[in-house]
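Residues in the sequence shown are numbered consecutively from 384, following our numbering. A short worksheet on the structure shown next.
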Amino acid sequence: MSETTLTGKLAVVTGASDGIGLGLARRLAALGAEVVIPVRDAAKGRAALEKIGGASSTRVLDLASLASVADLADRLTAEGRPIDLLVNNAAVMTPPTRHTTADGFELQFGTNYLGHFALVARLLPLLVAARARVTTQVSLGSMAGRVNWDDLQSERAYSPWGAYNQSKLATKLFALELDRRSRAHGWGITSNTAHPGFTATNLQKAGPTMGGARSAFDAPFRVLSRLGWPVQTVEGGLRPALHAATSPDALGGRFYGPRGLFHLTGAATEERVYRRARSESDAARLWDLSLDLADVAFAARGH
């Protein structure tokens with residue numbers, strides 16, 4: 384797989400109706416991939432397809448519903464096409480009050496982490512069939528994240544940033560554990576992670592108000608830009624994930640981000656995995672717990 388040859392490859396990108404996900408889908412399509420974008424909002428999906436071009440199509444997916452995840456996996460499995468590239472990009476960011484998924488999980492944990500965990504588990508036979516690459520988008524927030532084992536769903540105390548950072552750390556632990564288990568079981572999947580640095584996207588703008596008209600992020604982004612602080616566009620922010628997903632030099636178990644000041648902007652480079660995300664014992668504990676929470680199994684062959 385290279386940045387110039389994706390013809391004949393099937394790529395699935397979550398969270399691709401706008402922002403970095405849309406930019407990634409456009410770049411993958413331009414490189415010749417057939418791109419599937421699973422979306423909640425059909426109208427936004429149709430609008431995204433017009434911008435992506437190429438052989439792109441939508442499927443229905445709400446990562447905040449494990450039933451919806453299962454439905455998507457069943458549909459893709461019925462279509463029977465091996466998946467060459469999966470980019471786990473969708474996320475919810477810092478809603479000011481605690482919300483839950485359709486299954487009762489804290490929204491950020493359930494969407495950003497558990498939904499993607501379940502999706503990979505259910506798509507595993509299609510990923511194994513193609514010896515796929517799985518690139519998972521995390522964030523700088525995973526560096527500050529802690530897994531609160533005693534209150535995983537933030538039921539006793541909810542902090543928007545605490546829950547977000549936990550979800551991103553969990554996502555990173557999972558992605559790295561997926562690569563380890565792939566090597567151990569011979570699945571042939573290459574799993575790595577990336578982060579976009581400090582990028583002005585709809586995730587920051589819409590997250591704190593759950594898509595409302597006002598955003599706590601708008602003013603800070605404008606001020607930081609005027610002060611010359613490194614804030615990059617979507618096109619800049621997608622570069623680490625694009626590198627992780629398509630470059631022959633991007634390896635499994637690795638972490639990619641911008642090479643600039645404080646890893647906020649710039650071309651893609653490999654970074655050291657944050658300390659808490661290096662815990663193999665935490666990754667294994669979270670994996671086993673998540674199998675029960677999501678009621679899935681990682682079976683390399685379909686039933």
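Glycine included, each C-beta is placed from N, C-alpha and C at the ideal position.
Range of the contiguous alpha helix (DSSP H) that encloses residue 488: No alpha helix (DSSP H) contains residue 488, which DSSP labels as neither H nor E.
Which stretch, first to last residue, makes up the alpha helix (DSSP H) that contains residue 581? Per DSSP, residue 581 belongs to no alpha helix (DSSP H) and is neither H nor E.
Residue 469: first and last residue of the uninterrupted beta strand (DSSP E) it sits in: Segment 468-471, the beta strand (DSSP E) holding residue 469.
Which residues in the same chain as residue 500 place their Cβ atom closer than 7 Å to its Cβ, once the five residues preceding and following it in sequence are excluded? Cβ within range, chain order: 557, 673, 677.
8 Å contact criterion, which residue 455 and residue 441 should meet: CB distance rounded: Their Cβ separation, rounded to whole angstroms, is 11 Å, which puts residue 455 and residue 441 out of contact at 8 Å.
Mind checking residue 570: buried by the 16 CB within 10 Å criterion, or exposed? The residue is buried, with at least 16 neighbouring Cβ atoms inside 10 Å.
In whole angstroms, what is the alpha-carbon distance linking residue 416 and residue 396? Our two residues, residue 416 and residue 396, have alpha carbons roughly 11 Å apart in a direct line.
At a cut-off of 7 Å, is residue 407 close to the ligand HEM when judged by its beta-carbon and the heavy atoms of the ligand? Looking at this structure, you won't find the ligand HEM or any other ligand, since it has none at all.
If you draw a straight line from the C-alpha of residue 528 to the C-alpha of residue 392, how long is it? For residue 528 and residue 392, the gap between their C-alpha atoms comes out near 34 Å.
Neighbour-count burial assignment, residue 573, 16 or more Cβ in a 10 Å radius: So residue 573 counts as buried.
Spatial distance of residue 550 from residue 512 (CA atoms): In a straight line, the C-alpha of residue 550 is about 29 Å away from that of residue 512.
Under the three-state reduction of DSSP, which class applies to residue 478: helix, strand or coil? Here residue 478 sits in coil by DSSP.
Give me whichever residues DSSP pairs with residue 421 in a beta bridge. Residue 421 pairs with 442.
How would you label residue 489, buried or exposed, when you count the other beta carbons within 10 angstroms and need 16 or more for buried? Under this definition residue 489 is a buried residue.
Can residue 650 and residue 642 be called in contact, C-beta distance under 8 Å? Judged by beta-carbon spacing, residue 642 lies within the 8 Å limit of residue 650, meaning their Cβ atoms are closer than that value.
Thinking residue 422 and residue 408 are a contact (beta carbons under 8 Å), I'd like their distance in whole angstroms, please. Between residue 422 and residue 408, the beta carbon gap of about 11 Å keeps them out of contact (Cβ cut-off 8 Å).
Give the straight-line distance between the Cα atoms of residue 680 and residue 434, rounded to the nearest whole angstrom. Going by C-alpha positions, residue 680 is about 36 Å away from residue 434.
State the CB to CB distance for the pair residue 517 and residue 469, rounded to an integer number of angstroms; the pair is presumed to be in contact (CB under 8 Å). 5 Å between Cβ atoms; contact.
Mapping the DSSP letters down to three states, classify residue 397 as helix, strand or coil. Residue 397 sits in coil when the DSSP states are folded into three classes, being neither helix nor strand.
Quick check on the burial criterion: 16 or more other C-beta atoms within 10 angstroms. Buried or exposed for residue 399? Residue 399 is buried by the Cβ-count criterion.
Hey, out of 460, 389, 481, 576, whose CA is closest to residue 437's CA? Closest by alpha carbon: 389.
Segments assigned alpha helix (DSSP H), at least 4 residues, entirely inside the segment 641-681: Restricting attention to alpha helix (DSSP H) runs no shorter than 4 residues, the segment 641-681 encloses them at 663-677, ordered along the chain.
Alpha carbon to alpha carbon, how far is residue 467 from residue 622? Give it in angstroms, no decimals. C-alpha of residue 622 to C-alpha of residue 467: approximately 19 Å in a straight line.
Contacts around residue 491, its chain only, beta-carbon distance under 6 Å, and the 5 residues preceding and following it disregarded: Excluding residues within five positions, the ones whose Cβ falls inside 6 Å are 475, 546, 547, 550.
Does DSSP put residue 574 in a helix, a strand or coil? Strand, per DSSP.
Using a Cβ-Cβ cut-off of 7 Å (strictly less than) and excluding sequence neighbours within five positions of residue 660, which residues of its own chain qualify? Around residue 660: 525, 552, 555, 556, 559.
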